[in-house]
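Here the sequence shown stands for residues 19 to 272, numbered as in the working numbering.
For glycine and all other residues, C-beta sits at the position ideal for the given N, C-alpha and C.
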Amino acid sequence: MSTPLLEADGLVREYGPGRRVLHSVGLTVAAGETLGIIGGSGSGKSSLARILMGLQRPDAGRVRFRGIDLYGADRAALRAARPQLQAVFQDPYGSLDPRQRVGRIVAEPLRGQGLDRAARDERVRWALEAVSLPPDAATRHPHAFSGGQRQRVAIARALVGRPALVIADEPVSALDVSVQAQVLNLMLELQARLGLAFVFISHDLGVVRHMAHRIAVLEAGRIVEAGDAAAVLGSPRHPATRGLLEALPTAPSC
Ligand SMILES: Nc1ncnc2c1ncn2[C@@H]1O[C@H](COP(=O)(O)OP(=O)(O)OP(=O)(O)O)[C@@H](O)[C@H]1O
Ligand SMILES: [Mg+2]
Numbered sequence: 019m020s021t022p023l024l025e026a027d028g029l030v031r032e033y034g035p036g037r038r039v040l041h042s043v044g045l046t047v048a049a050g051e052t053l054g055i056i057g058g059s060g061s062g063k064s065s066l067a068r069i070l071m072g073l074q075r076p077d078a079g080r081v082r083f084r085g086i087d088l089y090g091a092d093r094a095a096l097r098a099a100r101p102q103l104q105a106v107f108q109d110p111y112g113s114l115d116p117r118q119r120v121g122r123i124v125a126e127p128l129r130g131q132g133l134d135r136a137a138r139d140e141r142v143r144w145a146l147e148a149v150s151l152p153p154d155a156a157t158r159h160p161h162a163f164s165g166g167q168r169q170r171v172a173i174a175r176a177l178v179g180r181p182a183l184v185i186a187d188e189p190v191s192a193l194d195v196s197v198q199a200q201v202l203n204l205m206l207e208l209q210a211r212l213g214l215a216f217v218f219i220s221h222d223l224g225v226v227r228h229m230a231h232r233i234a235v236l237e238a239g240r241i242v243e244a245g246d247a248a249a250v251l252g253s254p255r256h257p258a259t260r261g262l263l264e265a266l267p268t269a270p271s272c
C-alpha cells in the first residue's frame, strides 16, 4: 500500500487543565479520496481541523503530510509543501480579508513560491475559472459577492497552489440550502478533475453522505466509528452514529 497523503496519530488537544477535547485521535487520508468527519456540536471537529491544517500544534501526537511532520523541525520542506495542503472554513466572510481584492486573496498561497507576477496572475485566472467566477472577480472586494460566491473565492484560494489535499471545516453550513448543493457539486467536480483529496468536516450527515468515501464519527473528542461510508451508514455500530442517522430527514438531502 502506498503512503497516505495525510497521517495523524495520537492527537491530543487540551484547553487548560482537565479540559481535554481530543483524546488520541488518529486517521489517514489517501490521495484522491474524501474522508468525512462527522460529529455533534462541541465534539472537537474544528479543534481537530485546525491541527490537521497545520494551524494549531497538538498537545500530543503527530500529523504528517506527504511524510513531512507539520509541527516538526524541517521548516523548508513544510514551506515547499504548504500550497498542496489547503483549508476552507465555514464562514467565507470571516476567512477573507475584506480590505483586499479577490485577486490578491486568491494568490496568497503562492507567496514565497518563487513565481513571477505573470505566472501568479495566470494561476489566479485559472483558479477563478475553475470555480466558475468571472475573471473580473479578481478586481473586486469580498463584500461585492454573495455568500456562495465568497465560498467559491475561498475554494479558488485553496486551489491556486494545485493542492493534493483540502481540509474543509463546515464549508457549506453558513450557506442557503440551494447554494449548498452548488458548492458541494463544485467540490465533487473539482475532485474528479484534479484528483484532489478532501477532509470534509460537518455536523450534517446528509452533506457528509453526499461527499465522503470513508467516514469517521467523532464523539466527545474520540473517533468512535470509522470505515467505508456505505458500511458505516448502512449498518452503524455505535450509538452516536445511529443518533446522527436518526436525526436525518428521511428524504435524501442532496
Ligand atoms: N479556543 C478555545 N478555548 C477553550 N475551549 C475551546 C476553544 N475552542 C474550542 N473549545 C472547546 O472545545 C470543545 C470542542 O470545540 P470544537 O470547536 O472543536 O467543536 P466542534 O465539533 O467544531 O463544534 P461545532 O459543531 O459547534 O462547530 C468545545 O467544548 C469548545 O467549547
Ligand atoms: Mg466547528
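Judged by DSSP in its simplified three-state form, Gly213 adopts coil rather than helix or strand. A distance of 8 Å or more separates the beta carbons of Pro160 and Pro101.
Val201 sits buried, since 16 or more C-beta atoms from the chains shown fall within 10 Å of its C-beta. At a cut-off of 7 Å, the beta-carbon of His41 does not count as near ligand 1: no heavy atom of the ligand is closer than that. Look at Asp187: its beta carbon is less than 7 Å from one of the heavy atoms in ligand 2. DSSP, reduced to helix, strand and coil, places Ser59 outside both helices and strands of the structure shown, so it counts as coil. Distance from the C-beta of Tyr33 to the nearest heavy atom of ligand 1 is below 7 Å.
In the three-state DSSP reduction, Arg158 falls in the coil class, being neither helix nor strand. At a Cβ-Cβ threshold of 8 Å, Ala192 and Gln108 count as neighbours.
A straight-line Cα-Cα distance of about 6 Å links Leu88 and Gly72. In the three-state scheme derived from DSSP, where H, G and I count as helix and E and B as strand, Leu128 is classed as helix. Rounded to the nearest angstrom, the gap between the Cα atoms of Trp144 and Ala125 is 11 Å. Residue pairing by DSSP puts Val184 in a beta bridge opposite Gln104, Phe216.
Residue range 247-252 is occupied by the alpha helix (DSSP H) that includes Val250.
In the three-state reduction of the DSSP assignment, Val142 falls in the helix class, which pools H, G and I. Around the beta carbon of Pro257, fewer than 16 other beta carbons lie within 10 angstroms, which makes this residue exposed.
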